[in-house]
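Chemist: Sharing a structure, written as structure tokens. Questions coming.
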Amino acid sequence: MTEQELLRRESLQKLRDLGIDPYPAEMFEVTAQAADILSNYQEEELEDGSKNRLNYQDVALAGRIMATREAGKALFMNLQDSSGRIQLYLRRDELSDGEDFTFFDVVLKKLLDLGDYVGVQGYAFKTKTGEVSVRVLKFKILSKSLRPLPIVKRDAEGNIHDAFTDPEQRYRMRYVDLTVNPEHREIFIKRSKLIKTMRAYLDELGLLEVETPILQPIHGGAAARPFTTHHNTLDMKLYLRIANELYLKRLIVGGFDGVYEFAKMFRNEGMDRTHNPEFTALEFYVAYKDYIWMMGITEQMLERVARALSPDGSATVEAGGHTLDFSGPYTRLTMFDAIKKYTGLDVESVSENELRAYCSKEHIEIDPSMGKAKLIDEIFGEKVEAHLIQPTFLIDYPVEMSPLTKKHRSKAGLVERFELFVLGKEVANAYSELNDPIDQRERFEDQLQLAERGDEEAMAMDEDFIRALEYGMPPTSGIGFGIDRLAMLFTGQTSIQEVLFFPQMRPEH
RNA sequence: GAUCCCGUAGCUCAGCUGGCAGAGCACUUGACUUUUAAUCAAGGUGUCAUGGGUUCGAAUCCCAUCGGGAUCACCA
Numbered sequence: 001m002t003e004q005e006l007l008r009r010e011s012l013q014k015l016r017d018l019g020i021d022p023y024p025a026e027m028f029e030v031t032a033q034a035a036d037i038l039s040n041y042q043e044e045e046l047e048d049g050s051k052n053r054l055n056y057q058d059v060a061l062a063g064r065i066m067a068t069r070e071a072g073k074a075l076f077m078n079l080q081d082s083s084g085r086i087q088l089y090l091r092r093d094e095l096s097d098g099e100d101f102t103f104f105d106v107v108l109k110k111l112l113d114l115g116d117y118v119g120v121q122g123y124a125f126k127t128k129t130g131e132v133s134v135r136v137l138k139f140k141i142l143s144k145s146l147r148p149l150p151i152v153k154r155d156a157e158g159n160i161h162d163a164f165t166d167p168e169q170r171y172r173m174r175y176v177d178l179t180v181n182p183e184h185r186e187i188f189i190k191r192s193k194l195i196k197t198m199r200a201y202l203d204e205l206g207l208l209e210v211e212t213p214i215l216q217p218i219h220g221g222a223a224a225r226p227f228t229t230h231h232n233t234l235d236m237k238l239y240l241r242i243a244n245e246l247y248l249k250r251l252i253v254g255g256f257d258g259v260y261e262f263a264k265m266f267r268n269e270g271m272d273r274t275h276n277p278e279f280t281a282l283e284f285y286v287a288y289k290d291y292i293w294m295m296g297i298t299e300q301m302l303e304r305v306a307r308a309l310s311p312d313g314s315a316t317v318e319a320g321g322h323t324l325d326f327s328g329p330y331t332r333l334t335m336f337d338a339i340k341k342y343t344g345l346d347v348e349s350v351s352e353n354e355l356r357a358y359c360s361k362e363h364i365e366i367d368p369s370m371g372k373a374k375l376i377d378e379i380f381g382e383k384v385e386a387h388l389i390q391p392t393f394l395i396d397y398p399v400e401m402s403p404l405t406k407k408h409r410s411k412a413g414l415v416e417r418f419e420l421f422v423l424g425k426e427v428a429n430a431y432s433e434l435n436d437p438i439d440q441r442e443r444f445e446d447q448l449q450l451a452e453r454g455d456e457e458a459m460a461m462d463e464d465f466i467r468a469l470e471y472g473m474p475p476t477s478g479i480g481f482g483i484d485r486l487a488m489l490f491t492g493q494t495s496i497q498e499v500l501f502f503p504q505m506r507p508e509h
């Protein structure tokens with residue numbers, strides 16, 4: 001243990017010796033928050049120049065002590081609660097029992113440490129320098145802190161000194177990060193608001209929030225490598241879901257007109273600043289709609305999110321050096337037109353071999369297992385994606401890349417699918433869902449062939465899903481949003497770890 | 001998975017042409033009844049990530065390992 005930890009344990013024992021419980025059991029009733037008092041405290045000046053305090057004259061607050069400034073027989077502290085920080089002013093004569101100054105001189109000045117949780121009762125006032133503070137008449141220790149917090153100081157110009165910045169420590173000890181870096185709290189509050197706004201919108205649309213299995217016997221609905229686990233009683237292999245799409249569509253088969261799920265997905269793939277092994281998706285499916293309807297819904301929903309998260313209610317977001325405008329309608333570009341626009345290449349009229357030649361010339365990595373559709377996707381990823389800064393719908397994908405999507409109503413070889421790109425990144429993926437069970441079986445069979453060709457991510461046949469479609473699924477449109485990506489976008493973060501409370505880390509020791 | 005950078009006090013960091021382990025904040029002791037990066041006086045911080053090597057001597061140079069970050073590859 002370090003010197004400071006030993007000292008804190010000694011303080012703990014001394015408190016007990018004085019008959020003070022450092023971890024009392026009974027609740028402490030809080031009647032006010034720091035931010036409320038700071039923004040709403042009022043006083044009036046009387047004719048004789050004295051002040052008449054108008055509100056918060058009997059308040060109880062609780063939180064952590066984050067700074068102390070001793071001034072002889074007076075003491076200033078900064079108390080931090082979940083709303084912010086407020087200054088406390090304590091006087092020895094007001095916190096002592098007659099001539100016994102033990103509580104002030106020993107407990108408050110010696111045994112109290114930064115980071116301790118305390119509860120105080122008193123009244124709001126303004127100090128000589130004009131700072132709204134709480135004059136403390138009763139003071140109670142609620143929980144003793146045994147480790148020193150990093151001390152982050154902010155000077156009069158707002159410059160931060162000795163910030164707690166090491167990403168490794170911030171992620172491993174997020175509780176410390178959240179305590180000392182209020183700007184990081186804000187990211188998570190915004191994330192929560194993002195999800196709340198989306199949920200409210202979907203509820204208004206009349207969709208039903210549902211939950212579907214995380215442990216799945218077949219990992220369907222996306223192209224990705226799964227985590228595997230084992231159920232002892234059933235003695236069978238199970239997969240952590242890589243997607244929930246096939247389950248949500250079963251619910252549409254079952255007669256729900258619209259369902260949504262905020263779902264943790266698990267993918268056993270690489271980790272970097274935009275990928276965590278577990279991540280959150282919002283998926284929703286609505287009967288009797290198509291992908292064109294879904295584009296309109298997406299525009300409405302994201303515009304509402306942008307306005308809810310921006311301080312002034314505007315639909316624009318500053319991120320990655322751009323001002324992103326989420327008010328619809330967004331640009332709609334077919335995949336082939338997008339490639340033509342940014343490369344001049346007309347992928348529709350060229351052969352697979354010509355595409356291979358183009359990729360070699362442009363140093364785009366390809367392998368023999370790739371078909372024409374995959375080559376087009378590679379070219380798109382290399383040459384187009386990064387240009388799609390403002391929200392853009394990319395529509396009408398080759399059928400081979402989209403085994404769960406309905407064939408295009410008028411364009412042969414394509415499907416009714418769109419992906420939404422913002423800041424060069426995909427944030428949503430939507431289709432008119434394939435509901436023809438015979439076609440769906442053929443698509444799964446094509447996937448099996450891809451698997452035999454060496455594609456590790458090809459989808460597996462799901463007989464029960466086919467059976468469900470055979471009973472009949474209404475025409476349906478569905479979409480999936482990457483919630484972490486959206487959170488990054490709307491909070492201006494470039495690393496997924498900054499929008500996850502507990503990003504995946506290697507073991508510490 | 002590959003490449004590069006980083007790891008020194010509780011926190012932020014300096015020290016790296018090899019020669020006694022450093023600063024600010026935090027902490028300890030004392031002064032101060034409206035301070036606020038409080039101030040003033042005095043004081044102690046340590047497995048220099050871990051293990052090995054070179055050397056009279058290693059925080060410093062070399063090798064390996066662990067952890068993190070950035071870039072690339074794969075993916076959402």
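Those letters in the first sequence? Residues 1 to 509, per our numbering, in order. Idealized CB from N, CA, C, for every residue including glycine.
Starting from residue 296, follow the beta strand (DSSP E) in both directions and report where the run begins and ends.
Modeler: Counting along the chain, residue 296 falls outside any beta strand (DSSP E), though it belongs to the alpha helix (DSSP H) covering 291-309.
Chemist: Between the Cα of residue 372 and those of 384, 404 and 336, spot the shortest distance and give me the residue it belongs to.
Modeler: For residue 372, the nearest C-alpha among the options comes from 336.
Chemist: Grab me the residues of residue 470's own chain with a C-beta within less than 7 Å of its C-beta, minus the 5 sequence neighbours each way, in chain order.
Modeler: Cβ within range, chain order: 437.
Chemist: Starting from residue 121, trace the beta strand (DSSP E) both ways and give me its first and last residue.
Modeler: Run containing residue 121: 117-126, per the beta strand (DSSP E) assignment.
Chemist: Taking 8 Å as the threshold, find out whether the region 140-160 comes into contact with the region 18-32 through three or more Cβ pairs.
Modeler: In short, these stretches touch, since the Cβ pair count reaches three.
Chemist: For residue 465 versus residue 250, is the C-beta spacing smaller than 8 Å?
Modeler: Their beta carbons are under 8 Å apart, which means residue 465 touches residue 250 by this criterion.
Chemist: Is residue 189 buried or exposed, if buried means 16 or more other CB atoms sit within 10 Å of its CB?
Modeler: Residue 189 comes out exposed.
Chemist: Considering only residues of the same chain and omitting the five flanking positions on each side of residue 404, which have a CB-CB separation below 6 Å?
Modeler: Answer for residue 404: 434, listed in chain order.
Chemist: What do you reckon, are the CB atoms on residue 480 and residue 283 nearer than 8 Å?
Modeler: Yes; because the gap between Cβ atoms is below 8 Å, this pair is in contact.
Chemist: Let me check understanding here. Comparing Cα to Cα, which of 253, 427 and 308 lies closest to residue 472?
Modeler: Looking at the Cα atoms, 253 is the closest of the given residues.
Chemist: Grab me the residues of residue 488's own chain with a C-beta within less than 6 Å of its C-beta, minus the 5 sequence neighbours each way, in chain order.
Modeler: Cβ within range, chain order: 499.
Chemist: Looking at C-beta atoms only, is the number of pairs between the region 491-505 and the region 168-177 that lie closer than 8 Å three or more?
Modeler: These segments touch.
Chemist: Could you check what DSSP says for residue 11 in three-state terms: helix, strand or coil?
Modeler: Helix.
Chemist: Can you confirm whether the region 320-334 touches the region 347-363 when touching is taken to mean that 3 or more C-beta pairs between the two stretches lie within less than 8 Å?
Modeler: Segments in contact, no.
Chemist: State the DSSP-derived secondary structure class of residue 23, mapped to helix, strand or coil.
Modeler: Coil at residue 23, not helix or strand.
Chemist: Does the contact criterion of 3 or more C-beta pairs under 8 Å hold for the region 149-160 versus the region 75-87?
Modeler: Too few Cβ pairs lie closer than 8 Å, so no.
Chemist: Starting from residue 286 and walking both ways along the beta strand (DSSP E), at which residues does that stretch end?
Modeler: Its beta strand (DSSP E) spans residues 278-287.
Chemist: For the 8 Å Cβ check, are there 3 or more pairs between the region 308-320 and the region 210-223?
Modeler: The region 308-320, when compared against the region 210-223, does not touch it at the 8 Å Cβ threshold.
Chemist: Residue 1: buried (16+ other C-beta within 10 angstroms of its C-beta) or exposed?
Modeler: When all chains shown are included, residue 1 counts as exposed.
Chemist: Taking the beta carbon of residue 27 as the centre, do at least 16 other beta carbons fall within 10 Å, making it buried, or is it exposed?
Modeler: Exposed, because fewer than 16 other Cβ atoms sit within 10 Å of the Cβ of residue 27.
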